[in-house]
Structures are given as structure tokens and as C-alpha cells.
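**Q**
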């Protein structure tokens, strides 16, 4: 089956689309990436997405949901063209959407207690309509409804692609938020744990944007951070953030490490006296140290750390990770045959496939859900969609 996975992370900088071939071999999936396409957002759209969760109206959300449906559809078509295929040759799309709010710890309601919720936009009906391809979306809410955090959803995919029978591996994703998956030695995905560890590109990009009055949106390749010095007093304050000591299952996002937190950080006396280089160096070290906290909850040996996500391009983060985990080797997804930027979109292609094959996609031991669940909502391409995806079955 050929499936397109669509992903836009908390940095809200664009849509990544991976077209993969998935074949079921006995009890194991064989996954091969056919093509990858990235569609960046214009800065104006990125700013609208970053602000909508703080000050957006229902009208804003309604409009952006439909608008992003168009962007995600365009990204899917870009991946299809890159693979030199037609939409008729693609079976399925799995779309994560764009997270605009994630409240895994809930908001208290006087009648029923704390209500957990999450919201991803990018209307799947638009994606299905523009591409003519059955689309699965809204993966996280079902896990939350089952008592989970709704995140992370990639550990099962990490186990499928990276678990090793003789090496315990820590998989690190450096997106807007950093998260880890621990894969113990062995096979079958047993004993996997995963959780968000804290900030990554979200804070670094935000500080760069604010400190340069919007002239720069990122510290490209970590060049400025590499020139700076880590301030021990500021680092100690950052490491005291309560999320870092919270035991898993846990997840976070822009609601904790977004604009409000970044403004507060820049107002701290310890931060105000630092050069931009030293500020970025300190927060880059914070990212690496936050990832290092994973060792508190890992029951078993870590023989290798494998890093992916956009943050692998930040050489300063990578050097700090090597320092934090020394003498454990730190490698990248590329060293294991996968594109660092593409893997999350690959994951949502696989999750869509699992839903269509009636395979549960969450890992309850990771998210805290009460049980495994089928994830997502399905928008059919049109008449005959089910028979196309299940040629050997007939609906009753």
C-alpha cells in the first residue's frame, strides 16, 4: 500500500510529506520511503498559527482550519509528484494536522472534573477533496478520550524501525519540543517507554526572533550558540523547571514553552545581562540536559542515542548531547537509513495504515491510556473507497 504521511510540528514552519510503501509480512510491517517533500509556510502564516492559540477567535480557527487543509493537500500532491506517481496510484493519506492547543493535564470542570483535550487543525475533508485520496486525521483525541496524554504517538513506529536485539537505544526527536523513546534490547516492542523531555527548537527559535526584532527566525546550524558560553546561574534556573522533574507519562507543547514562557525568560535578570550568543548557548545546553533527564526513568542500559528531527542540523545541540551522554555514542537517523526531517511524517503514514488495517496505534504504557485504541477519523475519498483499501473484504 502506498501512503502519504503529513506532519507539521510545534514550530509551525511548514508541512512535511512522506510517501511510503507499506507491506505486511506475517506479523511485521516493511516500510520503505519512496519520496519526501517539504512545503514551508510563509512567515505571515507561521505568525498567525503561533498567535491563534493565545489570542485567536473562533473565526480565526475556522478559517485557518480550512486554509491549512489546502496547504496539507498541496504538500501531499508535492510528495506524489516527487515520487512520479499520480493520486490514483496512492491509497491513503495520514495527516497529523497542526497543533494549536494541547492540554494533556486538563482544565477542571465543576461537573466532571479535569477535562483533557487537544486540537489539531488542517481540515481532512479538504485534503480528501483536493487529492481524491481517503484521509485519516485527528489521531490524538482518541488516546486522550481513553485517559492518555495523546502523545507521544511515535514510539510504536520507533520500535518498528529501530529496535535492536542486542542494543538498548534511546531515540531522540528534536522538534519544537524534544521527546524520547527508549527501546530496550530485544524485539516486539515490549518495555518501550517514551515521553516529552522539554523544549528544543521552539524556545531557541523564539528567542532568536525576539532578540533580533524578527530579523532572524532561527540560529542556523547553531552558529551563534557555538560562539557563546553557558551561564551556569541561568542554566540552573532553567533546569529547575518543574516539567523536567515530572515523571512520565508526560507531554507538553507551546502552552508551556511558547511565547509567554519566552517573554518571561527574556525578562529575568540573569538573561538580560547576557549576550545573544551566551543566551542561546545556555538554552541549547538546557535542551540537551533536558533530554538527559530521560536516564532517570530508563530501566535498562542505553547503548546508543539516535537523534532525529530538525534540531539535528543545530551542531551546538548535537555537541551538547554528545557531552551529556558521553561515553555513549550519539548518532543520527541518517546513520540508520532514515531522513531526520522525514520520520515524523513517515510515522503518521504508518499510523493511518494501522487504523485502516484495524490495528491499534497508541502504546498505553507510554501515553497513560487505559487500553490500546484505533486512532483517527476517516474521510473517504468517495464510493468504493473501502473495497479499494480492502480488496479481499466486503462490507456487510
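Numbering (this note's numbering), first residue to last: 129 to 524.
Beta carbons are placed, not taken as given, at the ideal position from N, Cα and C, and that holds for glycine.
Please look up how many angstroms separate the CB atoms of residue 128 and residue 263, rounded, as I've assumed it's under 8 Å.
**A** Nothing about residue 128 can be read from this structure; the chain reaches only from 129 to 524.
**Q** If we count the other Cβ atoms within 10 Å of its Cβ and call it buried at 16 or more, is residue 212 buried or exposed?
**A** Exposed, since its Cβ has fewer than 16 Cβ neighbours within 10 Å.
**Q** Would you say residue 279 and residue 246 are within 9 Å of each other, going by their C-beta atoms?
**A** Yes, the Cβ-Cβ distance between residue 279 and residue 246 is below 9 Å.
**Q** Once DSSP output is grouped into helix, strand and coil, what is the label at residue 442?
**A** DSSP places residue 442 in coil when its eight states are reduced to three.
**Q** Thinking C-beta only, is residue 133 closer than 9 Å to residue 360?
**A** For residue 360 and residue 133, no; Cβs fall outside 9 Å.
**Q** State the DSSP-derived secondary structure class of residue 134, mapped to helix, strand or coil.
**A** Three-state result, residue 134: strand.
**Q** Among 146, 462, 204, 419, which residue has its Cα nearest to the Cα of residue 257?
**A** When only C-alpha atoms are compared, the closest one is 204.
**Q** Relative to the alpha-carbon of residue 477, which residue among 182, 169, 187, 225 has its alpha-carbon at the smallest distance?
**A** Closest by alpha carbon: 225.
**Q** Run through DSSP, which three-state label would residue 349 get?
**A** Residue state, collapsed to three classes: helix.
**Q** Keeping to the same chain, check which residues put their C-beta closer than 6 Å to that of residue 296; ignore five residues upstream and five downstream.
**A** Around residue 296: 312, 313, 428, 429, 430, 431.
**Q** For residue 366 and residue 318, I'd like the C-alpha separation in whole angstroms.
**A** Roughly 34 Å between the two C-alpha positions.
**Q** Go through its chain and collect everything with a Cβ distance to residue 230's Cβ below 6 Å, but skip five positions before and after it.
**A** Here the set comprises 246, 381.
**Q** Is the number of C-beta pairs between the region 436-444 and the region 419-428 that are closer than 8 Å three or more?
**A** Flag = no, the region 436-444 and the region 419-428 do not touch.
**Q** Kindly indicate which residue of 443, 336, 490, 416 has the alpha-carbon position closest to the one of residue 454.
**A** Residue 416 is the option with its Cα nearest to residue 454.
**Q** Should residue 223 go down as buried or exposed, given a rule of 16 or more other Cβ atoms within 10 Å for buried?
**A** Per the 10 Å Cβ criterion, buried.
**Q** State the beta-bridge partners of residue 74 as determined by DSSP.
**A** Residue 74 lies beyond the residue range present for the chain, which begins at 129 and ends at 524; the question has no answer from this structure.
**Q** Three-state secondary structure (DSSP) at residue 487?
**A** Residue state, collapsed to three classes: coil.
**Q** Just to confirm, are residue 272 and residue 232 a CB contact at a threshold of 9 Å?
**A** Cβ atoms of residue 272 and residue 232: closer than 9 Å.
**Q** Just tell me which of 249, 148, 321, 206 has its CA closest to the CA of residue 494.
**A** The residue with the shortest Cα to Cα distance from residue 494 is 321.
**Q** Rounded to whole angstroms, what is the Cα-Cα separation between residue 567 and residue 325?
**A** Outside the displayed span of the chain (129 to 524) sits residue 567, for which this structure offers no information.
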